[in-house]
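Down below is the structure, laid out as structure tokens.
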Amino acid sequence: MSEQYRYILNNNDLPRQWYNINADSPVPPNPVLNPQTLENVTPEFLSVLFPMELIMQEVSTDRYIDIPEEVADIYKLYRPTPLIRARRLEKALGTPAHIYYKNEGVSPAGSHKPNTAIPQAFFNKVEGTKALTTETGAGQWGSALALACNFFDIEVEVYMVKVSYNQKPYRRIMMETYGAQVFASPTDKTSFGKSVLADYPDSPGSLGVAISEAVEVAATSGGAKKYSLGSVLNHVLMHQSVIGQEAIKQMDMADEYPDVVIGCVGGGSNFAGIAYPFLRENLLNGQKTRFVAVEPTATPTLTKGKFAFDYGDTARMAPIVKMFTLGHKFVPPPIHAGGLRYHGMAPSISALHEAGYIDAVAVPQVATFEAAHLFARQEGIIPAPETAHAIRITIDEALDAKEKGEKRVILFNLSGHGNFDLTAYQSYLSNALQDYAYPEEEIAKAMEQLPDIKLTTENT
Ligand SMILES: Cc1ncc(COP(=O)(O)O)c(C=O)c1O
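Numbering-wise (numbering that gives the first Met the number 0), the sequence shown opens with residue 0 and increments by one.
Structure below.
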């Protein structure tokens with residue numbers, strides 16, 4: 000029998016429901032606090048930014064939530080995505096490990112981000128939202144939301160971190176092609192952007208600052224605009240569960256089960272998307288899969304950050320959550336993996352990491368591009384710089400299996416392609432790429448500004 004490479008499901012195999020880890024998580028959720036009062040947030044506070052359906056999903060403990068037909072119909076443009084066995088990479092490494100990857104790069108926007116952009120635009124449309132604001136790091140999230148808003152006829156303003164805006168003009172043009180307005184953040188359009196520019200005229204921006212700008216525009220629009228976030232929140236992670244649910248079926252087609260599941264983490268959504276359905280199998284059905292979240296050494300949130308209450312954005316306008324954080328004032332070095340330059344981490348991933356259910360590792364920039372380069376040469380796909388972090392650890396796992404003579408089944412999430420990230424590859428190929436050491440002093444300074452939260456009976 001010839002060797003199988005691709006495991007393909009058809010439109011009818013599309014999951015009909017999203018999976019919510021909060022139904023099964025062994026760690027109880029921490030309260031979400033209002034950034035002004037430090038009391039529990041109320042639905043009224045959140046409703047300035049989000050439609051009520053997404054707020055209800057955010058706090059839901061239902062195990063499954065139905066995917067509306069209108070959302071499923073758009074998912075079908077690119078879902079189910081293929082699961083690929085990376086046989087050529089296995090051979091190049093000479094490893095007995097079996098390496099599989101779920102290719103989310105086949106979506107029209109080029110990453111996993113439309114999995115949540117489409118339902119977020121849909122639920123906004125249903126509740127009458129005419130315009131959305133958002134931030135984007137690498138440009139992948141902005142492209143995804145621009146795509147989704149175009150389908151549902153909603154206007155969208157994207158605040159793009161300045162360093163990415165300059166590194167990735169084609170991402171901006173893609174967003175504009177779908178009809179979005181794109182601004183380099185910090186901008187002089189918001190009072191927070193102006194204050195950052197006054198202090199640091201050359202600020203490269205950060206996701207924390209861009210979030211603050213997008214939140215400010217929505218919060219001061221008198222209800223005309225709402226805000227949309229591409230990671231971190233429970234409902235975003237839940238929408239991404241289509242990835243892992245499909246992967247379970249596809250691993251079954253391959254007659255294998257992963258010993259280890261790997262994903263890169265910025266705010267945590269693609270990692271949770273592939274990992275949580277398998278984590279459910281550990282929690283409910285006795286499986287023993289290991290989960291590894293991979294982050295850059297330049298932004299070592301899980302590996303060097305503190306598990307504490309912190310603001311989701313730099314201007315302290317977004318809710319306070321308990322998460323691993325480097326401090327909301329931290330401005331990460333300008334690595335090419337723009338989507339991983341966030342100071343915090345999804346609360347559920349943070350709590351599961353703290354409790355020992357999820358491992359975390361940080362890798363430096365040059366080593367990630369070495370891995371991405373090898374992968375591109377063997378498998379043909381040029382991965383996004385964010386995804387390259389997952390590939391680095393996948394290769395390290397496969398080499399470890401080789402050293403130990405183990406047949407290990409490794410599954411990683413190919414969260415996006417890097418066809419718009421060629422400037423980064425050019426730097427790598429011309430040996431101009433540099434590693435950034437862990438910016439210890441910057442982080443220590445940012446940590447001094449964590450909010451002082453004492454939980455009382457009122458806010459637990
Ligand atoms: C391709 C890709 N992978 C990963 C990420 C990180 O986000 P998350 O941790 O939410 O998956 C991003 C964010 O922009 C991205 O564009």
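Ideal placement from N, C-alpha and C gives every residue a C-beta, glycine not left out. If you're wondering where the values come from, they're calculated on a predicted model, not measured in any experiment.
| Item | Value |
| --- | --- |
| Where the alpha helix (DSSP H) through residue 19 begins and ends | Neither: residue 19 is in no alpha helix (DSSP H) and is coded neither H nor E. |
| Residue 97, enclosing beta strand (DSSP E) - first and last residue | 97-102 |
| Of the listed residues 237, 328 and 267, nearest to residue 115 (C-alpha basis) | 237 |
| Three-way DSSP call (helix, strand, coil) for residue 94 in this model | coil |
| Assumed close pair residue 437, residue 303 - CB separation to whole angstroms, cut-off 8 Å | 6 Å |
| Close Cβ partners of residue 106 (< 7 Å) along its chain, the five nearest in sequence each way excluded | 77 and 113 |
| Straight-line Cα distance separating residue 282 from residue 166 | 42 Å |
| From 334, 335 and 342, residue whose alpha carbon lies closest to that of residue 320 | 342 |
| DSSP-derived helix/strand/coil call for residue 382 | strand |
| Residue interval of the beta strand (DSSP E) (run including residue 84) | 82-84 |
| Exposed unless 16 or more other CB atoms sit within 10 angstroms - verdict on residue 185 | buried |
| CB contact flag (residue 83, residue 102, <9 Å) | yes |
| Euclidean distance between Cα positions of residue 227 and residue 132 | 6 Å |
| Cα-Cα separation, residue 124 to residue 394 | 43 Å |
| Cβ pair count under 8 Å reaching 3, the segment 310-327 against the segment 274-292 | no |
| Check: residue 112 C-beta below 8 Å from any heavy atom of ligand 1 | yes |
| Proximity below 9 Å, CB of residue 298 to CB of residue 339 | yes |
| Secondary structure of residue 262, DSSP reduced to three states | strand |
| heavy atom of ligand 1 below 8 Å from residue 204 C-beta | no |
| Beta-carbon proximity check, residue 47 vs residue 265, cutoff 9 Å | no |
| Alpha helix (DSSP H) segment containing residue 446, residue limits | 439-446 |
| Residue 449 in three-state terms, based on DSSP | coil |
| Residue environment, residue 193, which counts as buried when at least 16 other CB atoms sit within 10 Å | exposed |
| Beta-carbon proximity list for residue 126, same chain, < 6 Å, skipping 5 on both sides | 50 |
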